[in-house]
Amino acid sequence: MRILNKVSSVIDDTVKYQLVTNDGYIIEACTLFFHDETAKINICVSSQVGCACSCMFCATGSKRFIRNLTVEEITEQVSLITREISIDNNQLFEITYMGTGEPLNNVDAVFASIKYFEHAYINLFRINVSTILPHLNIPKDILVSTKYPIHFQYSMHFTSDQLREQYFRNKLVPLDDAINFFNSISVQTGEAFCINYMLFEKINDSTDNAKQLIDLCKSINAYIKISEYCPVENVMLQPSTKYKEFTEILDKEHICWKPFRSKGIDIKASCGHLLSDIDF
């Protein structure tokens, strides 16, 4: 694998890398910088060429699925990028599986790469896995035996299974089962998991939606990341205009949440925009 191209954002310091596999396919990975965090560098890696999921709000999901990446192809993304940006052993960084593909649809290679990363980098601060949770075929002993507790980011976005099925357009683990799964891992590791909730205009941003989200999250070891939607070309969904009103309801109920806005919007490195400019 080699770096084919890289492009830097002019609105923040995000860098997007286009990498070409040995058999000629293109994947994308990103380096994100968070200057107020303990680990200021976050390397976002891909787990598949294309994506088998077809989430309505994701540009990557409009591409066809080619194949899973191998362990070596996942780990090489980090190796190439850390050399490219010259990370030294004193700079803490995170690895996030949030590039192209659904990590848990390539579970064997993803978890093998996690084992590799744990021993390869002494300055690795945390490993994040972002997932829509397509299945529960993940041995729990693997999840709790890693050197670093895996920080799961559950892309929930909707408070009903009906809406999730409509907009994710995938067969997914039911909400109650998914939350119980993540919470059971969280209890064992002591690592709170993240619920990603992206607000869409007049779809999941009502007062009732906020109350449903609160009911789902009141008694679990999790926090909510409330995201602004970055529109995808030819998709009718729009960012919500009720961000403030929605989060004020969470505040009144003392729900732990954090704001999140995608980085690298101008270079299509933001959430759901990877591979926008690649045809296959």
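Numbers in this note's numbering are just positions in the sequence shown, counted from 1, shifted up by 411.
No residue lacks a Cβ here, since even glycine has one placed at the ideal position from N, Cα and C.
- [ ] State the beta-bridge partners of Gln459 as determined by DSSP.
- [x] Asn479
TODO: For Met647, count neighbouring C-beta atoms within 10 Å of its own C-beta (all shown protein chains included) and say buried if the count is 16 or more, exposed if not.
DONE: exposed
TODO: Between the Cα of Leu491 and those of Ile414, Pro514, Arg537, spot the shortest distance and give me the residue it belongs to.
DONE: Ile414
Open item on the list: Which residue marks the beginning of the beta strand (DSSP E) containing Gln599, and which one marks its end?
Closed with: No beta strand (DSSP E) holds Gln599; the alpha helix (DSSP H) holding it covers 586-600.
Task: Close beta carbons around Thr493, own chain, < 7 Å, minus the five adjacent residues each side - done: none
TODO: Measure the alpha-carbon distance for Ile596 versus Ile477 and round it to whole angstroms.
DONE: 31 Å
Open item on the list: For the structure I just gave you, are there three or more beta carbon pairs, one from the segment 619-626 and one from the segment 501-513, closer than 8 Å?
Closed with: no
Open item on the list: In the DSSP output, which residue or residues are listed as bridge partners for Glu484?
Closed with: Glu484 pairs with nothing; no bridge assigned.
- [ ] Compare the beta carbon distance of Phe569 and Asn615 with 8 Å and say whether it is the shorter of the two.
- [x] yes
Task: Own chain residues within Cβ distance below 6 Å of Asp572, not counting five before or after - done: Pro585, Leu586
Open item on the list: Considering only DSSP beta bridges, list what Thr442 is partnered with.
Closed with: Val426, Ile454
- [ ] Alpha carbon to alpha carbon, how far is Asp424 from Ser687? Give it in angstroms, no decimals.
- [x] 20 Å
Task: Ala633 (DSSP reduced to helix, strand or coil) - done: strand
TODO: Would you please state the rounded distance, in angstroms, between the beta carbons of Met567 and Ile538? I believe it to be under 8 Å.
DONE: Met567 to Ile538, Cβ: 20 Å. No contact.
- [ ] Taking Asn581 and Cys682 to be in contact with their CB atoms under 8 Å, please state how far apart those CB atoms are, rounded to whole angstroms.
- [x] 17 Å between Cβ atoms; not a contact.
- [ ] Using three-state DSSP, classify Asn416 as helix, strand or coil.
- [x] strand
Open item on the list: Restricting to runs no shorter than 3 residues, where is the beta strand (DSSP E) found entirely within the segment 502-563?
Closed with: 504-508, 535-542
TODO: Assign Ser681 to one of three DSSP states: helix, strand, or coil.
DONE: coil
Task: Exposed unless 16 or more other CB atoms sit within 10 angstroms - verdict on Ala470 - done: buried
- [ ] Tell me whether Asn581 sits in a helix, a strand or coil according to DSSP, three-state version.
- [x] coil
TODO: Determine the extent of the beta strand (DSSP E) in which Leu610 is found, giving its start and end residues.
DONE: 604-610
Open item on the list: Bridge partners for Tyr565 per DSSP, in chain order?
Closed with: Thr542, Ile606
Task: N-terminal and C-terminal residue of the beta strand (DSSP E) that Lys669 is part of - done: 668-671
Open item on the list: Using CA atoms only, rank isn't needed, just tell me which of Phe579, Phe444, Phe528 is closest to Glu513.
Closed with: Phe579
- [ ] Tell whether a beta-carbon distance below 8 Å holds between Ile693 and Ile561.
- [x] Outside the shown range of the chain, which is 412 to 691, sits residue 693, and nothing can be said about it.
Task: Spatially closest choice to Lys655 from Gln649, Glu639, Glu644, by CA coordinates - done: Glu639
- [ ] Look up Pro650 in the DSSP assignment and give the residues it is bridged to.
- [x] Phe611
TODO: Compute the distance between the beta-carbons of Leu480 and Ala520, then report whether it is under 8 Å.
DONE: yes
Open item on the list: Using only CA atoms, which one of Gln564, Phe536, Ala633, Val489 lies nearest to Gln429?
Closed with: Val489
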